[in-house]
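Colleague:
2 protein chains.
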Amino acid sequence: MKIILARSAGFCFGVKRAVNMAFQAAESAGHICSLGPLIHSPQLVARLEGEGIRVVNSVESMTDETVIIRSHGVTRDEEECLRRKQLPIVDATCPFVKKAQEYAELLGREGYSVVIVGEAEHPEVQGIVSYVQAPSVFVVADVADVRALRVGKKVGLVAQTTQAYENFHAIAQELIGRCKELRIFNTICDATAVRQNEAREVAAVVDVMLVIGGHNSANTNRLARICSDIQPKTYHIETASEIDNGWLDGVKTVGLTAGASTPEWIISEVVEKLKELAK
Amino acid sequence: MKIILARSAGFCFGVKRAVNMAFQAAESAGHICSLGPLIHSPQLVARLEGEGIRVVNSVESMTDETVIIRSHGVTRDEEECLRRKQLPIVDATCPFVKKAQEYAELLGREGYSVVIVGEAEHPEVQGIVSYVQAPSVFVVADVADVRALRVGKKVGLVAQTTQAYENFHAIAQELIGRCKELRIFNTICDATAVRQNEAREVAAVVDVMLVIGGHNSANTNRLARICSDIQPKTYHIETASEIDNGWLDGVKTVGLTAGASTPEWIISEVVEKLKELAK
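In order, the protein sequences belong to chains A and B. Under this note's numbering, think of the first position of the first sequence as 5, with each following residue one higher. Under this note's numbering, think of the first position of the second sequence as 5, with each following residue one higher.
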């Protein structure tokens, strides 16, 4: 049985950086906490807990610990609250997310209506929104949302870093005719698109496709949906233990990819198990 | 015979303003000149000459006269040259053109590659280009021109005020994917679109369409082409004297429109002549 592992499987730049920062902080500091789980991988969160990094759900409940800000950032209020408490901060906000926050802030300061393409409930988006010190800030999911908006003469546009470029482009296109000035910052990180495109390519040439990642991870779920459109025999697993040997009966080639929050060791365990089964 | 005169026929806001400023200046000042013909109407230029306003073709040849800057503006060099000569200036640059110049200047100053949608040879465009103090400034006519460009990460977009919105939109759309930041100023004045749309409506319900304006006027020529696509019996005339009575044989309804540089009195003469013929 041949195994094809997508090159882009697993951690993106921002997640890798955040996890490294967390382990380094755990080595040097005593009490550490992250505001919300650092990433959507229960296995990695458990390992971090083993290193003394606990998950807390509000800034208010933090005491004298070092605080890790996770890759999708926090809101302006939360950041200010942490600073007021004078807690040591390890800011692992992804630099691409930081850019989106900064552009949104700049647009608000310069009098633009700020339109953010993304999921209103996502912490990254809530963070970006919070940096806009202007009365007009809107989160839109698609072109239909834009049509319902009442924007001013000056409009600024940014995106949640994991948005699909096509959707962002369509929204920008719709806005051109709605204002006198439109200032567009393309804040999309192409890691998501690269991963999805590669997943499509792998899924097209294999008999079975395995997508590895937290069942609570939005980007892994999306990846599994994309693959199953191409290869109906696609299975979303969190760890090697979820592999059903029956899936591989008579299979010549198996494809593998993993979400942005799937640790390297979990991918390796899956590869090892598949090699075992292939014997 | 019924006569339908388009409401938007004749002078646009900027031309009306420039002509009024010229006549007022002629009343108060002695020697007056305009840099190039004030508008593309030989009849109006002749009338202005009668008032003592002569046409000169270069700043160098100006002496002690008051200078009228025409509605589509001048280049930065020409303006500086006029100021160095300390000649009295009547600046009749259309406020919409001025805005386009100012936005182009701002974009150049703030480090954008500046893209201008328009006709490279048009004095308005040459004026706008001249205000960009940056190495990257490009004039594009259509999307194909944009595809051939090498722009930077920050791109700014403005348009010649008389451009078709659809073309501007298509170019903006093409640019979205070509840079990290795109700042779009829609500097199109909708007078042109309003005039063209109304001309289409009138041409569709008449037996003969007359388009009045200088044979050297680009916007009148375009208007005539638009009308003849709808009503093949479309005639482009400069004055009432060009009307061929044969055109109106058996005609029940005649439509009329006029370019942005066609004076009111020329339109009135055409209307009067048609009323005469209808008797």
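Even for Gly, the Cβ is constructed at its ideal location relative to N, Cα and C. Quick caveat, the model's predicted, so the values are computed rather than measured.
1. Output needed for Glu-185 of chain A: all residues of its chain with C-beta closer than 6 Å, excluding positions within five of it in sequence on either side, in chain order.
2. Please identify the residue among B:Tyr-107, B:Ser-12, B:Ile-247 and B:Arg-204 whose C-alpha is closest to the C-alpha of Asp-233 of chain B.
3. According to DSSP, which residues form a beta bridge with Leu-39 of chain B?
4. At which residues does the alpha helix (DSSP H) containing Tyr-169 of chain A begin and terminate?
5. Who does Phe-189 of chain A pair with in a DSSP beta bridge?
6. How about Gln-105 of chain B: is its C-beta nearer than 8 Å to some C-beta of chain A?
7. Counting along the chain, where does the alpha helix (DSSP H) carrying Lys-158 of chain A start and finish?
8. Enumerated in chain order, which unbroken segments of the beta strand (DSSP E) with a length of 3 residues or greater are wholly contained in the stretch 99-140 of chain A?
9. According to DSSP, simplified to helix, strand and coil, what is Asp-81 of chain B?
10. Is it buried or exposed, Asn-24 of chain A, if we count other Cβ atoms within 10 angstroms and call 16 or more buried?
11. Measuring CA to CA, which of B:Glu-123, B:Asn-225, B:Val-129 and B:Arg-11 is closest to Arg-80 of chain B?
12. Taking its Cβ as the centre, do 16 or more other Cβ atoms sit within 10 Å of Ser-3 of chain A, making it buried, or is it exposed?
13. Compare the C-alpha of Ala-168 of chain A against each of A:Gln-137, A:Ala-138 and A:Gly-122 and name the closest.
14. Using the beta-carbon of each residue, which ones in chain A are nearer than 8 Å to Ile-188 of chain B?
15. Examine chain A for any beta-carbon lying closer than 8 Å to the beta-carbon of Gln-177 of chain B, and answer yes or no.
16. On the DSSP letters alone, give me the boundaries of the alpha helix (DSSP H) that Met-25 of chain A sits inside.
17. Only counting the same chain, and skipping five residues up and downstream in sequence, which positions put a Cβ closer than 7 Å to that of Ala-228 of chain A?
18. Please classify Arg-154 of chain A as buried or exposed, where buried requires at least 16 other C-beta atoms within 10 Å of its C-beta.
19. Secondary structure at Leu-9 of chain A, three-state DSSP: helix, strand or coil?
20. Kindly list, in the order they appear in chain A, the residues whose Cβ is closer than 7 Å to that of His-173 of chain B.
21. Give the DSSP-derived three-state secondary structure of Thr-196 of chain A in the structure shown.
22. Which whole-angstrom value describes the C-beta separation of Ala-29 of chain A and Val-94 of chain A, a residue pair presumed to lie in contact below a C-beta threshold of 8 Å?
23. Does the stretch 65-73 of chain B come close enough to the stretch 100-114 of chain B that 3 or more CB-CB pairs lie under 8 Å?
24. In angstroms with no decimal places, state the Cα-to-Cα distance between Arg-88 of chain A and Val-78 of chain A.
25. Buried or exposed for His-219 of chain B, going by 16 or more other Cβ atoms inside 10 Å?
26. DSSP three-state call for Ala-264 of chain A: helix, strand or coil?
27. Taking only the alpha-carbon atoms, compute the straight-line gap between Leu-260 of chain B and Gly-115 of chain B and give it to the nearest angstrom.
28. Starting from the Cα of Asp-253 of chain B, find the closest Cα among B:Leu-278, B:Asn-223 and B:Ala-145 and give me that residue.
29. Do Val-60 of chain A and Ser-265 of chain A have their CB atoms nearer than 8 Å?
30. Any idea what DSSP makes of Val-94 of chain A, helix, strand or coil?
31. At the level of alpha carbons, what is the spacing between Gly-160 of chain B and Ala-138 of chain B?
32. How would you write the range of the beta strand (DSSP E) that Ile-216 of chain B sits in, first residue to last?
33. Taking 8 Å as the threshold (C-beta atoms), are Gly-217 of chain A and Ala-174 of chain A in contact?
34. Identify the continuous alpha helix (DSSP H) that holds Thr-224 of chain B and give its terminal residues.
35. Judging by CA-CA distance, which residue of A:Ser-272, A:Asn-249, A:Arg-58 and A:Ile-271 is the nearest neighbour of Ala-282 of chain A?
36. Going by C-alpha to C-alpha distance, which of B:Thr-224, B:Val-141 and B:Glu-53 sits closest to Thr-166 of chain B?
Modeller: Short version:
1. Lys-158
2. B:Arg-204
3. B:Val-60
4. 169-180
5. B:Glu-185
6. no
7. Looking at the DSSP string, Lys-158 of chain A is not in any alpha helix (DSSP H); the run it does join, the beta strand (DSSP E), is 158-163.
8. 117-121
9. helix
10. exposed
11. B:Val-129
12. Nothing in the structure corresponds to residue 3 of chain A, since chain A is present only between 5 and 283.
13. A:Gly-122
14. Ile-180, Glu-185, Leu-186, Arg-187 and Ile-188
15. yes
16. 17-32
17. Val-215, Thr-238 and His-240
18. exposed
19. strand
20. Ile-180 and Gly-181
21. helix
22. 5 Å
23. no
24. 15 Å
25. exposed
26. coil
27. 47 Å
28. B:Leu-278
29. no
30. strand
31. 12 Å
32. 212-216
33. no
34. 222-234
35. A:Asn-249
36. B:Thr-224
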